[in-house]
Amino acid sequence: QKEVEQDPGPLSVPEGAIVSLNCTYSNSAFQYFMWYRQYSRKGPELLMYTYSSGNKEDGRFTAQVDKSSKYISLFIRDSQPSDSATYLCAMSVGNEKLTFGTGTRLTIIP
Amino acid sequence: GAVVSQHPSWVICKSGTSVKIECRSLDFQATTMFWYRQFPKQSLMLMATSNEGSKATYEQGVEKDKFLINHASLTLSTLTVTSAHPEDSSFYICSARAGTGMGQPQHFGDGTRLSIL
Chain A
180 QKEVEQDPGP
190 LSVPEGAIVS
200 LNCTYSNSAF
210 QYFMWYRQYS
220 RKGPELLMYT
230 YSSGNKEDGR
240 FTAQVDKSSK
250 YISLFIRDSQ
260 PSDSATYLCA
270 MSVGNEKLTF
280 GTGTRLTIIP
Chain B
28 GAVVSQHPSW
38 VICKSGTSVK
48 IECRSLDFQA
58 TTMFWYRQFP
68 KQSLMLMATS
78 NEGSKATYEQ
88 GVEKDKFLIN
98 HASLTLSTLT
108 VTSAHPEDSS
118 FYICSARAGT
128 GMGQPQHFGD
138 GTRLSIL
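Listed in order, the protein sequences are those of chains A and B.
Heads up: the first sequence runs through residues 180 to 289, numbered per the numbering used here.
Heads up: the second sequence runs through residues 28 to 144, numbered per the numbering used here.
Written out as structure tokens, the structure is:
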């Protein structure tokens with residue numbers, strides 16, 4: 180079993196829909212949780228960064244962390260074609276190396 | 028803020044050539060930088076962690092003599108692929124961690140596409 184599980188998709192949704200992306204993990208020691216967006220042939224771009232359980236909102240993006248269920252989510256409201264990319268979840272224990280999910284490929288259909 | 032620049036973005040060279048890739052943090056000091064390799068449609072694979080002024084820590088299975096890492100300043104780390112061969116062709120990405128506080132996120136460069144003929 181991988182430490183971090185993420186559905187690779189592909190996931191296609193119509194423009195304007197709410198997108199829900201998820202990761203589950205097995206290591207209860209993870210404290211820091213991140214979502215990155217990666218366009219083709221580019222490096223990952225940090226979207227959201229959260230510590231421990233709770234919600235964090237930034238514009239159209241909301242990140243949720245449920246440590247009791249070992250489950251994190253990223254919601255994208257009013258999805259746009261420019262949101263089409265691969266979304267990677269990542270997590271760490273303190274300053275140790277990041278553990279990534281496999282990434283979910285998302286396509287927003289105009 | 029937190030911009031990481033990576034150069035070159037794409038390099039094509041002959042087998043046996045050594046290739047150097049630069050990673051710079053433009054607007055912050057990075058005591059720790061990371062080097063990753065990414066294969067098509069796969070997630071990032073950590074190759075090594077470098078701390079300014081000290082030797083890099085390589086992940087299991089990564090040849091330190093093949094992939095030389097230097098982190099000589101707080102804003103620059105370099106990865107040199109020595110005597111590159113076609114199997115070294117890949118997408119190499121660096122990242123830098125801003126600050127020394129616990130759990131600071133990593134910020135990534137735009138990657139270097141390396142093609143060895």
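Even glycine gets a Cβ: it sits at the ideal position worked out from N, Cα and C.
Excluding the five sequence neighbours on either side, which residues of its own chain have a C-beta within less than 6 Å of the C-beta of residue i, listed in chain order?
i	result
residue 77 (chain B)	60, 83, 96, 98, 104
Taking the beta strand (DSSP E) that residue i belongs to, which residues open and close that run?
i	result
residue 264 (chain A)	264-271
residue 197 (chain A)	Segment: none, residue 197 (chain A) is in no beta strand (DSSP E) and carries neither H nor E.
residue 30 (chain B)	Unbroken run through residue 30 (chain B): none, as it is neither H nor E.
residue 144 (chain B)	Looking at the DSSP string, residue 144 (chain B) is not in any beta strand (DSSP E), and its letter there is neither H nor E.
residue 129 (chain B)	Unbroken run through residue 129 (chain B): none, as it is neither H nor E.
residue 97 (chain B)	94-100
residue 53 (chain B)	Unbroken run through residue 53 (chain B): none, as it is neither H nor E.
residue 215 (chain A)	211-217
residue 243 (chain A)	240-245
residue 224 (chain A)	224-230
residue 89 (chain B)	From DSSP, residue 89 (chain B) is part of no beta strand (DSSP E); its letter is neither H nor E.
Under 8 Å, Cβ to Cβ, is there at least one residue of chain B near residue i?
i	result
residue 221 (chain A)	yes
residue 243 (chain A)	no
residue 274 (chain A)	yes
residue 191 (chain A)	no
residue 213 (chain A)	yes
residue 277 (chain A)	yes
residue 271 (chain A)	yes
residue 267 (chain A)	yes
residue 210 (chain A)	yes
residue 204 (chain A)	no
Residues of chain B with CB closer than 8 Å to the CB of residue i, please, in chain order.
i	result
residue 281 (chain A)	69, 70
residue 226 (chain A)	Per Cβ cutoff of 8 Å: no residues; residue 226 (chain A) is ~10 Å from chain B at best.
Closest Cβ-Cβ distance between residue i and chain A: below 8 Å?
i	result
residue 80 (chain B)	no
residue 137 (chain B)	yes
residue 87 (chain B)	no
residue 76 (chain B)	yes
residue 64 (chain B)	no
residue 120 (chain B)	yes
Please return the same chain residues whose Cβ sits closer than 8 Å to the Cβ of residue i, not counting the five positions on each side in sequence.
i	result
residue 44 (chain B)	110, 111, 143
residue 124 (chain B)	57, 58, 59, 60, 61, 131, 132, 133, 134
residue 100 (chain B)	79
residue 73 (chain B)	61, 62, 63, 86
For my contact list, residue i and residue j are in at a C-beta cut-off of 8 Å; report their separation, rounded to the angstrom.
i	j	result
residue 38 (chain B)	residue 106 (chain B)	In fact, because the Cβ distance is near 12 Å, the residues do not count as touching under 8 Å.
residue 31 (chain B)	residue 40 (chain B)	About 24 Å; that fails the 8 Å criterion.
Mind pulling the chain A residues with CB within less than 7 Å of residue i?
i	result
residue 129 (chain B)	273, 274
residue 132 (chain B)	213, 225, 228
Check the Cβ of residue i against every Cβ in chain A and list those closer than 8 Å, keeping chain order.
i	result
residue 73 (chain B)	276, 277
residue 140 (chain B)	220
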